[in-house]
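Below is one structure, written out as structure tokens, with a few remarks after it.
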Amino acid sequence: DVEGCCWWGRGSLKIRGTCLYGKLNHFIGKKAAAEGRPAWFPDIDLCLEPGQVCAGPESPALRWITGMYHWMENIQIYAEEDGNYKEQLFAYVNGDLNDEEFLYFATKLYILNC
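All residue numbers in the sequence shown are consecutive under this note's numbering, ending with 116.
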């Protein structure tokens, strides 16, 4: 039961959703430590305490790590019919950073996650 829990809007990119918090917990949180893997935050269970991203003693680091993970997991790998993030990024850079289309595309991916 997740009623009353808040799994959205935290970190440098305002990560949201139980799936992303679960993945972070698996790779860098308490679950990693419990399964014997190296964990940057072995005492933090991001599934049970997602507020640690903003309010815990490790929050400055967690805010940026969650944002970077969100970017890697959802945005930089995006390749669908409406566009490919890496292709558009290369076109933007090779075009002397003058094409606003890339900025709109990246913003849409971040805001709408699609």
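Every residue gets a Cβ at the ideal spot worked out from N, C-alpha and C, and that includes glycine. Every value quoted in this text rests on a predicted model; they were computed, and no experiment measured them.
Under 8 Å between C-beta atoms of residue i and residue j
| i | j | result |
| --- | --- | --- |
| residue 111 | residue 77 | yes |
| residue 23 | residue 56 | no |
Cross-strand partners of residue i (DSSP beta bridge)
| i | result |
| --- | --- |
| residue 82 | 85 |
Collapsed DSSP secondary structure at residue i in the structure displayed
| i | result |
| --- | --- |
| residue 43 | coil |
| residue 60 | coil |
| residue 38 | coil |
| residue 100 | coil |
| residue 50 | coil |
| residue 6 | For residue 6, the pLDDT reaches just 46, beneath the cut-off of 50, and the residue's location in the model is therefore unreliable, although a value from the coordinates is still provided. Here residue 6 sits in coil by DSSP. |
| residue 31 | coil |
Whole-Å CB distance - residue i paired with residue j, under 8 Å assumed
| i | j | result |
| --- | --- | --- |
| residue 25 | residue 44 | Not a contact, Cβ separation roughly 16 Å. |
Query raised in the report: Do the stretch 63 to 71 and the stretch 97 to 108 meet, that is, are 3 or more Cβ pairs less than 8 Å apart?
Result: no
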